[in-house]
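Worksheet: the structure to be examined is printed underneath.
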Amino acid sequence: MPESVIRIGIITVSDRASRGEYQDLGGPAIHAWLTQALSIPWQALTRVIADEQAVIESTLRDLSDKERCCLIVTTGGTGPARRDVTPEATEAVCDKILDGFGEQMRAVSLNYVPTAILSRQIAGIRGQSLIVNLPGKPSAIADCLNAVFPAVPYCIDLLEGPYLQTHEQVIKVFRPAHAKKPG
Amino acid sequence: MPESVIRIGIITVSDRASRGEYQDLGGPAIHAWLTQALSIPWQALTRVIADEQAVIESTLRDLSDKERCCLIVTTGGTGPARRDVTPEATEAVCDKILDGFGEQMRAVSLNYVPTAILSRQIAGIRGQSLIVNLPGKPSAIADCLNAVFPAVPYCIDLLEGPYLQTHEQVIKVFRPAHAKKPG
Amino acid sequence: MPESVIRIGIITVSDRASRGEYQDLGGPAIHAWLTQALSIPWQALTRVIADEQAVIESTLRDLSDKERCCLIVTTGGTGPARRDVTPEATEAVCDKILDGFGEQMRAVSLNYVPTAILSRQIAGIRGQSLIVNLPGKPSAIADCLNAVFPAVPYCIDLLEGPYLQTHEQVIKVFRPAHAKKPG
Numbered sequence: 367m368p369e370s371v372i373r374i375g376i377i378t379v380s381d382r383a384s385r386g387e388y389q390d391l392g393g394p395a396i397h398a399w400l401t402q403a404l405s406i407p408w409q410a411l412t413r414v415i416a417d418e419q420a421v422i423e424s425t426l427r428d429l430s431d432k433e434r435c436c437l438i439v440t441t442g443g444t445g446p447a448r449r450d451v452t453p454e455a456t457e458a459v460c461d462k463i464l465d466g467f468g469e470q471m472r473a474v475s476l477n478y479v480p481t482a483i484l485s486r487q488i489a490g491i492r493g494q495s496l497i498v499n500l501p502g503k504p505s506a507i508a509d510c511l512n513a514v515f516p517a518v519p520y521c522i523d524l525l526e527g528p529y530l531q532t533h534e535q536v537i538k539v540f541r542p543a544h545a546k547k548p549g
Numbered sequence: 367m368p369e370s371v372i373r374i375g376i377i378t379v380s381d382r383a384s385r386g387e388y389q390d391l392g393g394p395a396i397h398a399w400l401t402q403a404l405s406i407p408w409q410a411l412t413r414v415i416a417d418e419q420a421v422i423e424s425t426l427r428d429l430s431d432k433e434r435c436c437l438i439v440t441t442g443g444t445g446p447a448r449r450d451v452t453p454e455a456t457e458a459v460c461d462k463i464l465d466g467f468g469e470q471m472r473a474v475s476l477n478y479v480p481t482a483i484l485s486r487q488i489a490g491i492r493g494q495s496l497i498v499n500l501p502g503k504p505s506a507i508a509d510c511l512n513a514v515f516p517a518v519p520y521c522i523d524l525l526e527g528p529y530l531q532t533h534e535q536v537i538k539v540f541r542p543a544h545a546k547k548p549g
Numbered sequence: 367m368p369e370s371v372i373r374i375g376i377i378t379v380s381d382r383a384s385r386g387e388y389q390d391l392g393g394p395a396i397h398a399w400l401t402q403a404l405s406i407p408w409q410a411l412t413r414v415i416a417d418e419q420a421v422i423e424s425t426l427r428d429l430s431d432k433e434r435c436c437l438i439v440t441t442g443g444t445g446p447a448r449r450d451v452t453p454e455a456t457e458a459v460c461d462k463i464l465d466g467f468g469e470q471m472r473a474v475s476l477n478y479v480p481t482a483i484l485s486r487q488i489a490g491i492r493g494q495s496l497i498v499n500l501p502g503k504p505s506a507i508a509d510c511l512n513a514v515f516p517a518v519p520y521c522i523d524l525l526e527g528p529y530l531q532t533h534e535q536v537i538k539v540f541r542p543a544h545a546k547k548p549g
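Protein chains in written order, with our numbering: chain A, 367 to 549; chain B, 367 to 549; chain C, 367 to 549.
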């Protein structure tokens, strides 16, 4: 386990936000959620980029391979429109796809809106990084993080990454009994 | 938005129905459901074809690219048997797959039969057309349309297609607050 | 339909079990579940192999093509870790993937642990064999088999395989009304 500080990538994928025509709300919503949830020191690496598959891919590769983020979260670009290509970029850079994340985020979002089935958000593994697509809408971001984050720290353990811990009263993480905290 | 009438493709995929050995029940069931649900003028383009992947693909391409259907619904050919190839054909012609449709149709069908998990039905986007696979069984068709149709009009909005409207007492569609009816 | 005895493959995928460093618990748990559930004579073909994609693929091919197993069940290797490659091997050898199995097994496992979303277990068809990935943990094996097995016999019917029957008080299988027992 690295001694260095835990690094988490936050990528806003939005043509308008990347051109400054629109205030990025998704990235700050993710940052605020993580700040409230995590009880360990961590550092955010934030990016605001256009809905271009090649740009999303290179940003994901950079944050994973070079910046060594154990977790990379994206917001935006997961719908059915022509410019929505975040899942395509995520799938292209990942070694493994974890279908359960998308399934559960859609199932939870269906409690709020029937259009949740239009979301193509996925999650996957690249090297030692877990990449999770979140929706663009800030309120839906918290719903999705509340739904999947309990499984995130143990997933990062299995990738031999840093040991994430949270404030239990904010979000309870789950690790199987045999998964002990390292020395 | 085109001024012309809204066109919806209905494809029955069945070896026996295409040879006339069997009355097509799936196509008429879809037609009846849409007639009852839609409150706007629309035109059905119906096809009855064999379980041949190349034929299904060319029919989907024709109804999407040439006939400009905003929605194409298939019935049949989604099971695990050797001749069931509708999802393969759908995936081959689509630019994007919307996993949420299949997940929700199976989840709803599981309330009726445990064999719902054998259905491989998917949905996806080709150009400006939303393509949705439905099961072959007429009673299951209505269950699936009731489950996913609330999200269909907004999906077609996002593809810059025509503005679909329904009789609210039959089926309520959902559009986010920011999605307004065009002029 | 073959007159010969029904054959079911049980594959334990585990580096440590295959080297004898660890007692295989998953394979015997599957065997015990099937013994209790099935009311017809059947024969188990068991294998314990390493987490090597090529080895898993060749074992699946052998049990399907040569040994003519109508059902092949695996345990282990479905997580997000680097050595977990059972779903990759399964997908590589299958003609069709049945997404409903993975969805339902994860949905059921989510009732027990939020880390169920980390499981990548899938099911698919190779020739006349249904292949189902189960988790490595013995207690989760029964939960998953209880969830999906009601659909397994009818799936094997659709593949023109043998007619599986169970003790109804242990597990109830479902076949549509038109699916009759062959002569």
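Even for Gly, the Cβ is constructed at its ideal location relative to N, Cα and C. All figures in this text were calculated on a predicted structure; none of them were measured in a lab.
Inter-residue Cα distance where the pair is residue i and residue j
i, j, result
"His397(C)", "Arg492(C)", "22 Å"
"Trp399(B)", "Val536(B)", "10 Å"
"Asp381(B)", "Ala447(B)", "13 Å"
"Leu411(A)", "Phe467(C)", "37 Å"
"Ala508(B)", "Gly392(B)", "10 Å"
"Gln470(A)", "Gln409(A)", "27 Å"
"Ala543(C)", "Thr456(A)", "44 Å"
"Gln389(A)", "Leu525(B)", "24 Å"
"Cys436(C)", "Asp523(C)", "10 Å"
"Arg385(C)", "Val539(A)", "33 Å"
"Ala403(A)", "Thr444(A)", "24 Å"
"Pro480(A)", "Gly442(B)", "25 Å"
"Ala489(A)", "Ile406(C)", "42 Å"
"Val518(C)", "Ala506(C)", "18 Å"
"Glu418(C)", "Ala383(B)", "46 Å"
"Arg541(C)", "His533(C)", "15 Å"
"Glu387(A)", "Ala416(A)", "12 Å"
"Tyr478(B)", "Asn512(B)", "14 Å"
"Ala458(B)", "Thr425(B)", "12 Å"
"Thr452(C)", "Ala420(C)", "10 Å"
"Tyr529(B)", "Asp450(A)", "21 Å"
"Ala545(B)", "Lys432(C)", "57 Å"
"Gln531(B)", "Thr401(A)", "43 Å"
Three-state class that DSSP yields for residue i in the structure shown
i, result
"Ala410(A)", "strand"
"Gly468(C)", "helix"
"Val439(A)", "strand"
"Ile537(A)", "coil"
Limits of the unbroken alpha helix (DSSP H) element including residue i
i, result
"Gly375(B)", "Where Gly375(B) is concerned, there is no enclosing alpha helix (DSSP H), although the beta strand (DSSP E) it sits in stretches over Ile372 to Val379."
"Ser505(A)", "Pro504 to Val514"
"Thr444(A)", "Taken as a continuous stretch (DSSP letters only), Thr444(A) belongs to no alpha helix (DSSP H), as it is neither H nor E."
"Leu496(C)", "Element bounds for Leu496(C): not the alpha helix (DSSP H) but the beta strand (DSSP E), Ser495 to Leu500."
"Gln402(C)", "Gly392 to Ala403"
"Pro519(B)", "Val518 to Leu524"
"Val459(B)", "Thr452 to Val459"
Chain B within 8 Å of residue i, Cβ atoms only
i, result
"Ser485(A)", "yes"
"Arg449(A)", "no"
"Ser380(A)", "no"
"Tyr520(C)", "yes"
"Ala482(A)", "yes"
"Arg517(C)", "A quick correction: the sequence has Ala, not Arg, at residue 517(C). It does: the Cβ of Ala517(C) has a partner Cβ on chain B nearer than 8 Å."
"Pro504(A)", "no"
"Arg373(A)", "no"
Any non-hydrogen atom of the ligand NAP within 7 Å of residue i CB
i, result
"Ile415(A)", "In the structure on display, the ligand NAP does not appear, and there are no ligands present to speak of."
Min CB distance residue i to chain A below 8 Å
i, result
"Asp465(B)", "yes"
"Val459(C)", "no"
"Glu469(B)", "yes"
"Pro625(C)", "Residue numbering for chain C in the displayed model covers 367 to 549; residue 625(C) lies beyond these limits and cannot be assessed."
"Val479(C)", "yes"
Below-8 Å beta-carbon distance, residue i vs any chain C residue
i, result
"Ala489(B)", "no"
"Val514(B)", "no"
"Arg413(B)", "no"
Cβ distance (whole Å) where residue i is taken to contact residue j below 8 Å
i, j, result
"Gly375(A)", "Leu429(A)", "4 Å"
"Ala521(C)", "Ser475(C)", "The question names Ala, but residue 521(C) in the sequence shown is Cys. That pair is no contact at about 21 Å."
"Val379(A)", "Ile422(A)", "6 Å"
"His472(B)", "Arg434(B)", "The question names His, yet the displayed sequence has Arg at residue 472(B). Rounded, the Cβ-Cβ distance is 30 Å, inconsistent with contact."
"Val439(C)", "Val498(C)", "5 Å"
"Arg413(A)", "Ile377(A)", "5 Å"
"Gln487(C)", "Gly527(C)", "Wrong, their Cβ atoms sit about 22 Å apart, outside the cutoff."
"Ser485(C)", "Pro504(C)", "About 15 Å separates the two Cβ atoms, so there is no contact after all."
For residue i, the first and last residue of its enclosing beta strand (DSSP E)
i, result
"Gly490(C)", "Ala489 to Arg492"
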